[in-house]
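A.B. asks: Encoded as structure tokens, here's the structure I'll be asking about.
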Amino acid sequence: MNRDIWVFAENFGGRPAPVYGELVRKANEMREKMQEARVCGVVLGKDVDGLAAAASVQGVDTVYVMDHPKLDTLDACVLKEAFAALIRAYNPEVVLVGATALGAELAPGIAGKLKTGLAAHCVDIEVTEKRINCMVPAFGGRVISEIYVPATRPVMASVRPGIFDAPEPAGAGAPVTAGNPSTQVVRADSSFLDSVTSPVEMIAFEQDAPSADLRLEDADIVVCAGRGVSTQEDFENVKALAGKLNAAFGCTRSFVDLGFVPDESRMIGTSGKSVKPQLFLGFGISGAAHHTCGMNKSKLVITVNRDEKARMFANSDYGVVGDAGKVVSALLKQL
Amino acid sequence: MWWMNEERQMIAAAAREFAEQEVRPAAKLMEEEEKYPEAAIRKLGELGMLGLTIKEEYGGAGADYVNYGLMIEELAKESHGFGLLAYLASELTLGLIEKMGTPEQVKDLIAKGLTGEKIYGICFTEPCGVGNPMEYETRAVLDGDEWVINGGKIFITNADIADTFFVIAKTSDYNPATMTGLTFFVVPSDTPGLTVGHIENKLGWKGSHTGQLYFKDVRIPKDAIIGAVDNAWLPLNVALLPMFATYGPMNLGAMETIFQKTLVFLKSRVQCGVSLWDAHESIRIDMMKMFLKIDNYRSAVYSALEDENRGENISAKAVALKMQGADLLEEIASQCIELHGGTGTVYETGIERFYRDAKMGTVGCGSNRTLINSLASMIFQ
Amino acid sequence: MKIAVCIKSVPDPDCYDKITLDPVNKTLNRAGIPAVINVADKHAIEAALQLKEEYGGSITVVSMGPPPVEQQLREALAMGADDAYLLSDRKVGGADTLATSYAVSKLIEQTGPYDIILAGNESADGATSHVPAQIAEWMGLGCICSALSIRVEDGKAIVTKKFENGTGTFRLGLPCVIAVNQRINKVRLTNMMAVLKAKKKPLTVFSAADITGLDESRVGLAGSPTQNGELHMAESTKVCTMLEGTEEEAAAMILEKIKPLLKA
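Sequences listed follow chains C, R and S, in order.
Numbering-wise (the numbering used here), the first sequence opens with residue 68 and increments by one.
Numbering-wise (the numbering used here), the second sequence opens with residue 65 and increments by one.
Numbering-wise (the numbering used here), the third sequence opens with residue 30 and increments by one.
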């Protein structure tokens, strides 16, 4: 048993998913309190030399690779076999998985196979002398529970993208530039997969049309609409404001229920996206825990709501009690 | 509340879900466009919500008037008028048919009503007064294999909507001693000779179409009757009186909505940093008095309905619930409009329509004064 | 087609704002919050109803919890399920997701076999999304989580799932486990006749001893590799400064605050 911290480098079009960099940065913070811990990436797929190279970022000592045609899939059932085999062979102490659409399904499958503990959707991980504590939100984010794994190994944790900080340009998790120490790539024997048949087969994948809208995850400024943005006109104005500020548009679950947006892709909250922009402008948002959980690490939060008792004000740096639609119109005029 | 159990909680929850999803938009249609909420009424049928007072052997859920009341209460919370239309589509028509006819006569009629496939209307009232059968002018005469009906009815709900009407008409001279002379007929609305006249523009129950029907040589088959020839009047009235208990949960739902809205308003309406609720003891007293009256009314409603479950004749209690409930609803709506100030009179606040609907309850299905008189004759020979 | 739906009884999410933490013994105070069927599981029941309408068969709902959970199973029967099983025993209580999924998988095996096992993708209270995938692992079955559509073709389940940049379609051998995303369907209104029939439908309560082959070391606290440490309320560290004035004035003040952050 070693003290290694593994991070899953999920394949996003040949490169590791952005959450990989966030988790590598976190793993490097953790290892300061864990003597002799190495930080290692995990790459699964077919013909993944490029992905392994891209996963060899700063702060990663080793990248373990399992390369096999059967792994060219989003089927978590076969991927968990490969991941579990790697864990059994190399015995890490900690395994971090980004809770992406795939990761959220893969992590519990691996934990189930290895009969080990998995903390879900952690908002923080703390290493103390006694143990590793994972902070897990419950009851819609109202309560934070400390979860730890006393006996079994590895300690597994899933983390939603955007919860931890993205890597600094020259820090852990950032791509390697010339002159930095290189990562060791270890190719594990994948031949056992020849005789593994998954009960699940991916038979098609339809790519989404590329969107011109700024992604919430990347934006420095987020403009978010809640239930108080209740007319089509107000909605159009909020989107126009986002455009003018070069911001990403987001919304709450209550706003999705109003029916102005077709789906939850712009929803911010415990079952939506987590954002940490420099500036978060909230319009007509009440501030229910399941929403604030997804934005409470924003640097500067300004909220407009007609209800002076709205919880959102407690999560904001500046607040305006007033009609959200009118403030948005005024902002558009004054910009 | 001693009448509640887990099954009844599920019944109320299912009705509440329906009320929020279907009755709320239907109420808008009724108030703003005066449209009959046909989709929502038929949906009640599809979801098995019209059979809570009908025997299982006819496809109903088995008669439990408390269950039925709980459902009507939830519907009426969204709209008193919709509650009335749901009542008409269920107990008032289907229950009446069930109590009046032989199994063969009623099976098909009830089955089609239960699913919402057919919408029914009842025709009693004439210009001479609903409680005045002596002077009814609508007559049915047997001609070979057919009855021929001539006459006119007024204030018929669903006049231009129903697929089938149940019409009371004279088949002999009315004998006040035996109360005989009238028969209950089944008349499809597309029968030649049956025409719809003027639809009234009423104070309340918007979206419920109440109008005149003209019968000119309307021919229906000899067996298109429910109950015995000449002997419909007494059995109908005996069957109808307890049914007025349904006004109980209808009024109750409306009162609860008005009270809740007003309570929320009073606590959130802040003037100079204090809510109206906190600032004025008189307001708290007024609201508490209303609360206690509503609580009392609720006990009366469900106690009566459970008495009915146990086989008691609740005619008197039913009329009391209709009468006292209409007055109480009017009182509560009136006070709560005033407590809101100007916004109380505004449609969007959602209270003024209950005020108008309350008045309808004093005359709908028979004016309360007439009912009281019928009741007096019945109880104190 | 035999369909099983795993449901969880959770405190009503509409009341989560009322949850408080006892400052002395650091436990949750959930008194007075009513229990409901987890809303994602209602979508699973709706998916089962649609599968039954399309392919015929029966729907069994299963759950694990203390005796009051019977009421949520009755509600599921009122929604249209045919029969229900509850595993209720102190021994299986206090379980984390691995121990819970083990116990539920044994209940499923005891009452099955089933062709499709459905569940909601996450619960309103714990929201781990672990249990369906772990049930599949215990039972050696295929699994897809967060499914957006399900149909059955030639004895296989065809399931779609949304990923970050597109939609995948998967073919699963039966039996399989599918956790549904809430957007998979709209839960139909409850049929009143079904509510009244619910009390007559079979609901069986099992204790741990009734489950054949239940390995007691894998249930409850003993079978839980994760443990709970301290709880605390999610609190904000921000202190809010209110900007007073009309909407126009407020907009001007907001612009003043954010101008440094706007790109030129």
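The beta carbon of each residue, even a glycine, is placed where N, CA and C say it ideally should be.
Since we're looking at a predicted model, the values are computed, not measured.
Quick one: Cα of Pro411/C to Cα of Val387/C, how far?
C.D. replies: Here chain C comprises residues numbered 68 to 402, so residue 411/C is not present and cannot be evaluated.
A.B. asks: What does a CB cutoff of less than 8 angstroms around Asp350/R pick up in its chain, not counting 5 residues either side in sequence?
C.D. replies: Here residue 350/R is taken as the residue at index 286 of the second sequence, counted from 1. Here the set comprises Gln399, Leu403.
A.B. asks: Using only CA atoms, which one of Ser341/C, Ile288/C, Tyr87/C lies nearest to Ile287/S?
C.D. replies: Numbered from 1 along the third sequence, position 258 holds the residue referred to as residue 287/S. Here the closest residue by C-alpha is Ile288/C.
A.B. asks: For Lys270/R, which residues in the same chain have their Cβ closer than 7 angstroms to its Cβ, ignoring the five residues on either side in sequence?
C.D. replies: The residue labelled residue 270/R in the question sits at position 206 within the second sequence. Counting only Cβ-Cβ distances below 7 angstroms, and skipping sequence neighbours, we find Met94, Glu95, Glu98, Gly145.
A.B. asks: For a quick check, are the C-beta atoms of Cys201/C and Pro159/C less than 8 angstroms apart?
C.D. replies: Here residue 201/C refers to the residue found at position 134 when the first sequence is read from its first residue. Here residue 159/C refers to the residue found at position 92 when the first sequence is read from its first residue. It is not a contact, given that the beta carbons lie outside the stated cut-off.
A.B. asks: Residues in the same chain with beta-carbon distance under 6 angstroms from Glu148/C, minus the five sequence neighbours each way, listed in chain order, please.
C.D. replies: As a first step, residue 148/C is located in the first sequence; it is residue number 81 there, counting from the start. Taken in chain order, the residues that qualify are Val263.
A.B. asks: Against chain R, does Lys71/S count as a neighbour if the rule is that its beta carbon must be under 8 angstroms from one of theirs?
C.D. replies: The residue given as residue 71/S occupies position 42 in the third sequence. Not closer than 8 angstroms to any Cβ of chain R, the Cβ of Lys71/S fails to qualify, so no.
A.B. asks: Chain C partners of Ser175/S, CB-CB under 8 angstroms?
C.D. replies: Counting from one through the third sequence, the residue named residue 175/S turns up at place 146. Ordered by position in chain C, the residues that pass the 8 angstroms Cβ test against Ser175/S are Ala168, Ala171, Glu172.
A.B. asks: One question on the structure: do Gly94/S and Ser38/S come within less than 8 angstroms of each other, judged by their Cβ atoms?
C.D. replies: For the purposes of this step, residue 94/S is identified with residue 65 of the third sequence, where counting begins at 1. For the purposes of this step, residue 38/S is identified with residue 9 of the third sequence, where counting begins at 1. Yes.
A.B. asks: Do three or more CB pairs link the stretch 109-125 of chain C to the stretch 74-94 of chain C at distances below 8 angstroms?
C.D. replies: Judged by Cβ distances under 8 angstroms, the stretch 109-125 of chain C makes contact with the stretch 74-94 of chain C, as three or more pairs qualify.
A.B. asks: Label Phe259/C either buried or exposed according to how many other C-beta atoms from any shown protein chain fall within 10 Å of its C-beta, with 16 as the threshold for buried.
C.D. replies: In the first sequence, residue 259/C corresponds to position 192, counting from 1. Phe259/C should be labelled exposed.
A.B. asks: Listing by chain order, which chain S residues have their CB less than 7 angstroms from the CB of Cys144/C?
C.D. replies: As a working note, residue 144/C is residue 77 in the first sequence. Gly171, Cys172, listed in chain order.
A.B. asks: Which of the three DSSP states, helix, strand or coil, is assigned to Pro457/C?
C.D. replies: Since the first residue of chain C shown is 68 and the last is 402, residue 457/C is not available in this structure.
A.B. asks: Under the three-state reduction of DSSP, which class applies to Lys17/C: helix, strand or coil?
C.D. replies: This structure gives no information on residue 17/C, because the portion of chain C shown stretches from 68 to 402.
A.B. asks: Does the pairing of the stretch 66-81 of chain R with the stretch 130-146 of chain R give three or more beta-carbon distances under 8 angstroms?
C.D. replies: The stretch 66-81 of chain R is in contact with the stretch 130-146 of chain R.
A.B. asks: For Arg417/R, report the span of its beta strand (DSSP E) as first-last.
C.D. replies: For the purposes of this step, residue 417/R is identified with residue 353 of the second sequence, where counting begins at 1. Taken as a continuous stretch (DSSP letters only), Arg417/R belongs to no beta strand (DSSP E), being part of the alpha helix (DSSP H) at 416-427.
A.B. asks: Excluding the five sequence neighbours on either side, which residues of its own chain have a C-beta within less than 7 angstroms of the C-beta of Pro175/C, listed in chain order?
C.D. replies: Your numbering for residue 175/C matches position 108 in the first sequence. For Pro175/C, where only same-chain residues beyond five positions count, the Cβ hits under 7 angstroms are Leu185.
A.B. asks: May I ask you to report which of helix, strand or coil DSSP gives Gln125/C?
C.D. replies: Position 58 of the first sequence, counting from 1, holds the residue named residue 125/C. Gln125/C: coil per DSSP, three-state reduction.
A.B. asks: Using the Cβ count rule (16 or more neighbours within 10 Å means buried), how would you classify Gln324/R?
C.D. replies: Here residue 324/R refers to the residue found at position 260 when the second sequence is read from its first residue. Counting Cβ neighbours within 10 Å, Gln324/R comes out exposed, since fewer than 16 surround it.
A.B. asks: Measuring CA to CA, which of Trp297/R, Ser346/R, Lys386/R is closest to Leu316/R?
C.D. replies: The sequence position of residue 316/R within the second sequence is 252, counting from 1. With distances taken between Cα atoms, Leu316/R lies closest to Lys386/R.
A.B. asks: So Lys31/S and Pro142/S are in contact, right, with Cβ under 8 angstroms, and what is the actual spacing, rounded?
C.D. replies: Here residue 31/S refers to the residue found at position 2 of the third sequence. Here residue 142/S refers to the residue found at position 113 of the third sequence. Yes, they are in contact, since the Cβ atoms of Lys31/S and Pro142/S sit about 7 angstroms apart, within 8 angstroms.
A.B. asks: Can you tell me whether DSSP reads Pro95/S as helix, strand or coil?
C.D. replies: The residue labelled residue 95/S in the question sits at position 66 within the third sequence. Looking at Pro95/S - three-state DSSP - the assignment turns out to be coil, as it is neither helix nor strand.
A.B. asks: Would you kindly report the start and end of the unbroken beta strand (DSSP E) that includes Tyr184/R?
C.D. replies: Here residue 184/R refers to the residue found at position 120 of the second sequence. Element bounds for Tyr184/R: 184-187.
A.B. asks: Taking Cβ-Cβ distances shorter than 7 angstroms, what residues in chain C pair up with Thr103/S?
C.D. replies: Locating residue 103/S in the third sequence gives position 74, where the first residue counts as 1. Looking at the sequence provided, one finds Arg at residue 103/S rather than Thr. Within 7 angstroms Cβ-Cβ: nothing; Arg103/S doesn't reach chain C, min ~25 angstroms.
A.B. asks: Report yes or no: is there a C-beta of chain C within less than 8 angstroms of the C-beta of Leu57/S?
C.D. replies: Taking the first residue of the third sequence as 1, we reach residue 57/S at position 28. Cβ-Cβ to chain C under 8 angstroms: yes for Leu57/S.
A.B. asks: Indicate whether Ala165/S and Val206/S have their beta-carbon atoms separated by less than 8 angstroms.
C.D. replies: One-based indexing of the third sequence puts residue 165/S at position 136. One-based indexing of the third sequence puts residue 206/S at position 177. Against a cut-off of 8 angstroms, the Cβ pair of Val206/S and Ala165/S comes out as a contact.
A.B. asks: Taking the alpha-carbon of Pro191/R as reference, which of Val427/R, Tyr200/R, Tyr184/R has the nearest alpha-carbon?
C.D. replies: As a first step, residue 191/R must be located in the second sequence, where it is residue number 127. When only C-alpha atoms are compared, the closest one is Tyr200/R.
A.B. asks: Can you look up Phe355/R in the DSSP assignment and give me helix, strand or coil?
C.D. replies: Within the second sequence, numbered from 1, the residue matching residue 355/R stands at position 291. The answer is helix: DSSP assigns Phe355/R an H, G or I state.
A.B. asks: Three or more C-beta pairs closer than 8 angstroms, one from the stretch 109-122 of chain R and one from the stretch 267-283 of chain R: is that the case here?
C.D. replies: The answer is no - the stretch 267-283 of chain R does not touch the stretch 109-122 of chain R, with fewer than three Cβ pairs under 8 angstroms.
A.B. asks: How many angstroms separate the CA atom of Glu193/C from the CA atom of Lys400/C?
C.D. replies: For the purposes of this step, residue 193/C is taken as residue 126 along the first sequence, with counting starting at 1. For the purposes of this step, residue 400/C is taken as residue 333 along the first sequence, with counting starting at 1. One C-alpha to the other measures close to 46 angstroms.
A.B. asks: If you run the structure through DSSP and keep just helix, strand and coil, what is Arg294/C?
C.D. replies: Sequence index remark: in the first sequence, residue 294/C carries index 227 (1-based). Looking at Arg294/C - three-state DSSP - the assignment turns out to be coil, as it is neither helix nor strand.
A.B. asks: Quick one: grab the DSSP three-state call for Leu163/C.
C.D. replies: In the first sequence, the residue the question calls residue 163/C occupies position 96. In this structure, Leu163/C counts as strand in the three-state DSSP scheme.
A.B. asks: At least one CB of chain S closer than 8 angstroms to the CB of Pro175/C: is that the case?
C.D. replies: The residue given as residue 175/C occupies position 108 in the first sequence. At least one chain S Cβ lies under 8 angstroms of Pro175/C.
A.B. asks: Starting from Ser236/S, follow its DSSP beta bridges and name the residues at the other end.
C.D. replies: Taking the first residue of the third sequence as position 1, residue 236/S is located at position 207. BP columns for Ser236/S are empty, so no partner.
A.B. asks: Along chain R, in chain order, which residues have C-beta atoms closer than 7 angstroms to that of Leu225/S?
C.D. replies: By 1-based counting over the third sequence, the position of residue 225/S is 196. Within 7 angstroms Cβ-Cβ: Ala125.
A.B. asks: Could you check where the alpha helix (DSSP H) with Asp391/R kicks off and where it finishes?
C.D. replies: Position 327 of the second sequence, counted from the start, is the residue given in the question as residue 391/R. 379-404 is the span of the alpha helix (DSSP H), which, as asked, contains Asp391/R.
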